[in-house]
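Right, one structure below, let's go through it.
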Amino acid sequence: MLSLATGISDILRQRSMPVKHERDRVQLENVILSSFRTVEAVVGEPGKEHRFRAILMSRGLDFNELVGFPGTRRKRLGDAIYALQSLRDATSAHGVRRRSHPVSWLEAMQAQHLAESVFHTALWQECCRVGRLGGGDEELRYLLRLMYPFRKSDDWTERSFETLGNLSPIQASRQPGGLKMLENLPMGL
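If you count the sequence shown from 1, position 81 lands on 81 in full-length UniProt numbering, and the numbers rise without skipping.
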């Protein structure tokens with residue numbers, strides 16, 4: 001396998017970097033399968049486009065959002081998921097639908113990036129929808145400071161804000177839609 005330090009930039013520079021060992025080929029195919037399973041767990045098996053668009057929208061995802069690494073040709077999110085599904089089908093059918101060339105390092109990296117993006121976006125949307133019901137003030141203070149490290153004031157998590165309905169960020173984060181409201185707080189607090 002490539003080292004992390006040089007691997008990512010090498011892959012982006014040499015997009016058709018060959019897989020040299022059978023072990024690497026199998027590992028890259030497993031990356032594709034795992035990435036698709038992650039996407040599938042969030043949005044299900046992609047089907048007809050109009051139905052799939054509705055499912056994506058219900059999860060807070062936009063079919064037309066452009067995804068991909070800077071410097072690469074970006075695809076619409078929905079098209080990237082369909083492409084990952086095709087790649088999964090080509091690698092999981094016990095060699096029956098095997099491609100003429102093995103999965104590339106770039107394809108595996110893009111699959112992981114897509115899965116991570118879908119998962120985190122859906123997770124964020126769900127957290128915004130239901131609020132953070134569990135956890136004490138100290139835990140929420142810690143998490144909010146990690147999420148918003150650019151806030152200058154140490155007490156911003158405890159102060160009440162009119163834009164939050166006179167709630168503190170800690171109180172607002174427990175409310176449905178509260179995390180989304182925190183995005184509207186002034187930057188220079």
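Glycine included, each C-beta is placed from N, C-alpha and C at the ideal position.
Among D137, G44 and L87, which residue has its Cα nearest to the Cα of S100?
On the sequence shown, residue 100 is found 100 positions in, with the first residue counted as 1. Of D137, G44 and L87, the residue nearest in Cα terms is L87.
Would the C-beta of N184 count as close to the ligand MG, meaning under 7 angstroms from any of its heavy atoms?
This structure simply doesn't include the ligand MG, nor any ligand for that matter.
State buried or exposed for F36, treating a residue as buried only when at least 16 other CB atoms are found within 10 Å of its CB.
For the purposes of this step, residue 36 is identified with residue 36 of the sequence shown, where counting begins at 1. Buried is the label assigned to F36, since at least 16 other Cβ atoms lie within 10 Å of its Cβ.
Where R151 sits in the DSSP three-state scheme
The residue given as residue 151 occupies position 151 in the sequence shown. R151 carries a coil assignment under DSSP once its states are collapsed to helix, strand and coil.
Is the stretch 138-156 close to the stretch 44-62, with three or more CB pairs under 8 angstroms?
no
Quick check: the stretch 118-131 against the stretch 160-179, are there 3 or more CB pairs under 8 angstroms?
yes
Beta-carbon proximity of V42 to V118, cut-off 8 angstroms
In the sequence shown, residue 42 corresponds to position 42, counting from 1. In the sequence shown, residue 118 corresponds to position 118, counting from 1. Closer than 8 angstroms, so yes.
Using only the alpha-carbon positions, how far apart do L33 and G60 sit?
Residue mapping note: residue 33 aligns to position 33 of the sequence shown, counting from 1. Residue mapping note: residue 60 aligns to position 60 of the sequence shown, counting from 1. L33 and G60: Cα-Cα distance of roughly 23 angstroms.
Own chain residues within Cβ distance below 8 angstroms of H50, not counting five before or after:
Start at 1 with the first residue of the sequence shown, and residue 50 comes out as number 50. Excluding residues within five positions, none has a Cβ falling inside 8 angstroms.
Please work out which residues of its chain come closer than 6 angstroms, Cβ to Cβ, to L28, disregarding the five sequence neighbours upstream and downstream, and give them in chain order.
Position 28 of the sequence shown, counted from the start, is the residue given in the question as residue 28. These residues qualify, in order along the chain: V103 and A108.
Using a 10 Å radius around the Cβ and a threshold of 16 neighbouring Cβ atoms, would you call S168 buried or exposed?
Position 168 of the sequence shown, counting from 1, holds the residue named residue 168. Looking at its Cβ environment, which holds 16 or more other Cβ atoms inside 10 Å, S168 is buried.
Neighbourhood of F52 by C-beta distance below 6 angstroms, restricted to the same chain and skipping five residues each side:
As a position in the sequence shown, residue 52 is number 52, starting the count at 1. P46.
Thinking C-beta only, is T38 closer than 8 angstroms to A90?
As a first step, residue 90 must be located in the sequence shown, where it is residue number 90. As a first step, residue 38 must be located in the sequence shown, where it is residue number 38. In this structure, T38 does not lie closer than 8 angstroms to A90 by Cβ.
Have a look at H113 and E183 and give me their C-alpha separation to the nearest angstrom.
Translated into positions along the sequence shown, residue 113 becomes position 113. Translated into positions along the sequence shown, residue 183 becomes position 183. Spanning the two alpha carbons is a distance of roughly 24 angstroms.
At the level of alpha carbons, what is the spacing between L123 and G178?
Residue mapping note: residue 123 aligns to position 123 of the sequence shown, counting from 1. Residue mapping note: residue 178 aligns to position 178 of the sequence shown, counting from 1. For L123 and G178, the distance between alpha carbons rounds to 15 angstroms.
Note the first and the last residue of the continuous alpha helix (DSSP H) segment covering K48.
Sequence index remark: in the sequence shown, residue 48 carries index 48 (1-based). That residue, K48, is in no alpha helix (DSSP H); it is neither H nor E in DSSP.
Taking just the CA atoms, how far does N30 sit from Y148?
For the purposes of this step, residue 148 is taken as residue 148 along the sequence shown, with counting starting at 1. For the purposes of this step, residue 30 is taken as residue 30 along the sequence shown, with counting starting at 1. Distance between the alpha carbons of Y148 and N30 is about 35 angstroms.
Cβ neighbours of M181 in the same chain (closer than 6 angstroms, five flanking residues each side left out)
Locating residue 181 in the sequence shown gives position 181, where the first residue counts as 1. Excluding sequence neighbours, M181 sits near L164 and A172.
Alpha helix (DSSP H) containing V39: first to last residue?
In the sequence shown, counting from the first residue as 1, residue 39 sits at position 39. Taken as a continuous stretch (DSSP letters only), the alpha helix (DSSP H) holding V39 covers E22 to V43.
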